[in-house]
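Take the sequence shown: its letter number 258 is residue 257 in numbering that gives the first Met the number 0, and every next letter is one higher.
All remarks here apply to the structure that follows.
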Amino acid sequence: MSTSPLPAPALRDPSVDHAIQAIVAGASSDAACATDLAAGPWDFDTVPGYGPGSSMGDVIPTGAPRQGELPAEYREADEDELDARIKAARTALGDRVVVLGHFYQREEVVRHADHVGDSFQLATAARAYPDAEAIVFCGVHFMAETADLLSGQDQAVILPNLAAGCSMADMADIDQVEECWEQLADALGPLDEPDADGLVPVIPVTYMNSSADIKGFVGRHGGIVCTSSNARTVLDWAFARGRRVLFFPDQHLGRNTAKAMGVPLERMPMWNPRRPFGGNSPEDLQDSRVILWHGFCSVHRRFTVAQIEQARAEHPGVRVIVHPECPMEVVDAADESGSTDYIRTAIAAATEPTTFAVGTEINLVRRLAAQYPQHTIFCLDPVVCPCSTMYRIHPGYLAWVLEELVAGRTPNRIQVPADVADPARLALERMLAAKPPVTAGGGAAR
Ligand code: SF4
């Protein structure tokens, strides 16, 4: 099997599904991280774990939502039939329904979306359709929750496959976070009492990629939400109010952002929820500026410095852009880092034919390669390995939920309870008020 980045011509078909089928059938010499990826995601709905793909080694929490069995007519339909049924259902539903698709969704789903974007762009897009009865969110669970928080009370937010969670979001469990807060009070003193400078001991900051429970926790404790586009602005906001920040769930986004702001690494201890004081001494916590939760994205953790070195050796002049959820060494070795929207915008803005090596999810990279044929664009990871949970949204599930809506039923509704929704919304509103981001799109040239 080849270990080189995918050659440009193979990327002109943006479908990751087609690439995986070709690999498994032996028609391609490229590699996939799991041959199970060629199966329908319904094969994994009743099996423990996140399913094949980048998160398959992560530990799924007990109590994670499970999807009921998808009816056989959707499991057995081929791509063309599902495409036609989705289009027909959309025509029948008209403006009553809006379909949102995340950048990391498979091509066969994204082509039916009214809006394609990152998690926050899509959550805010939901607000643009106050008259739609239903918002079908082709993304993962925390995104559908956020759309529910920001959309109208009577609008139903629907996640086509309930098993589409996010392993990173699941790494910050509300019970563990509450326990952490209590232990921080033991180490730092009362957490709601400002010092002589008016700063409280700690401000909790959560990445958008977290459950509504965590956003609610943050809202209740004077904290704020951030995205990968505005993390620096949000940390500035938090440092204006607190001595230190508790950042979850993604250690890498927290570390990369704080490091770029000049926070020394030794003042960024990691909080391991399975150890007393997160595995730190009270002195370490007292001296800290950013306490990093032990979470990560299994998609972005796959990128390495060796891949960047290989891309530079094989493509002199290559421009390497990675997502800030990548490990620090990878971000440091890249030319630029930024949110998915930053990556997209940077490629769109390139006026001369350019070779881009991109460190983010394969569905987005392949779509960009097809969209900008004047450039050579490839994924830094030579192995085709989509996000396990994004991949659970198959067109079969999209056809099913749309046809259920046509029939007057509302399947797979995601609703955040009011006692969580109110503080979670507060944390989101603080983020909106903390705009604008430091750089358009959230990128950082190196
Ligand atoms: S790409 Fe990473 S952060 Fe995004 S949904 Fe997948 S596991 Fe979660």
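Just so it is clear, CB atoms sit at the ideal spot from N, CA and C, and this is done for glycine as well.
Nonlocal neighbours in the same chain, by C-beta distance under 6 Å from residue i, ignoring five residues either side
i, result
"H314", "T354"
"A237", "I202, V204, V244"
"E360", "Y103, V298, C386"
"T409", "A155"
"R95", "E132"
"L82", "In the sequence as presented, Leu is not what sits at residue 82; that position holds Asp. If we look at D82 and ignore the five residues flanking it on each side, it has no Cβ neighbours."
"R288", "R243, V262, R266"
CB-CB length for residue i against residue j, believed under 8 Å
i, j, result
"D130", "S228", "Not a contact, Cβ separation roughly 28 Å."
"I320", "D331", "Wrong, their Cβ atoms sit about 14 Å apart, outside the cutoff."
"L190", "L183", "6 Å"
"S209", "A168", "5 Å"
"Y49", "S150", "That pair is no contact at about 27 Å."
"C378", "V357", "6 Å"
"R65", "A162", "6 Å"
"P47", "I59", "6 Å"
"G100", "A91", "Actually they do not touch by this definition, with Cβ atoms about 20 Å apart."
"L121", "G138", "6 Å"
"V304", "E324", "Wrong, their Cβ atoms sit about 16 Å apart, outside the cutoff."
"E450", "A88", "Only positions 0 to 445 of the chain appear in the structure, and residue 450 is not among them; the question remains open."
"P275", "Q175", "Not confirmed; about 13 Å, so no contact."
"M430", "V233", "6 Å"
Any non-hydrogen atom of the ligand SF4 closer than 6 Å to residue i Cβ
i, result
"V357", "no"
"C296", "yes"
"V139", "yes"
"N208", "yes"
"C165", "yes"
"C179", "no"
"C32", "no"
"C386", "yes"
"S336", "no"
"S150", "no"
"S287", "no"
"S227", "no"
"S446", "With the chain covering 0 to 445 only, the question about residue 446 has no answer from this structure."
Distance, residue j Cα to residue i Cα
i, j, result
"V98", "I413", "15 Å"
"G253", "M207", "12 Å"
"L148", "P422", "10 Å"
"V298", "M267", "23 Å"
"T256", "C225", "11 Å"
"D77", "S14", "15 Å"
"V415", "G222", "19 Å"
"G36", "G52", "Per the sequence shown, the amino acid found at residue 36 is Leu instead of Gly. For L36 and G52, the distance between alpha carbons rounds to 7 Å."
"L69", "L404", "15 Å"
"A211", "F247", "13 Å"
"D153", "E132", "7 Å"
"V23", "C384", "13 Å"
"L425", "A432", "10 Å"
"A259", "A349", "25 Å"
"D44", "D235", "42 Å"
"R242", "G278", "20 Å"
"R343", "M55", "27 Å"
"T61", "G294", "17 Å"
"Y128", "T145", "15 Å"
"S280", "C179", "13 Å"
"I134", "E106", "19 Å"
"C32", "E308", "21 Å"
"L427", "A230", "13 Å"
"I346", "S338", "13 Å"
Residues of its chain near residue i, where Cβ-Cβ distance is below 8 Å and the 5 sequence neighbours each way are ignored
i, result
"A143", "F136, V156, I157, L158, I413"
"A420", "D147, L148, A211, G215"
"R74", "G39, W41, G395"
"I85", "H111, P394, L397, A398, L401"
Below-7 Å beta-carbon distance, residue i vs any chain C residue
i, result
"V364", "No chain C is present in this structure, which holds just one protein chain."
7 Å CB neighbourhood of residue i in its chain, flanking five on each side removed
i, result
"D283", "P268"
"V326", "Before going further, note that residue 326 is Pro rather than Val in the sequence given. Closer than 7 Å at the Cβ level, and outside the excluded window around P326, lie H251, R300."
"V115", "G100, F102, V109"
"D286", "R266"
"Q306", "L379, D380"
"I392", "Q104, V108, C137, P159, N160, A163"
"A310", "P4, V317, V319, A356, L379"
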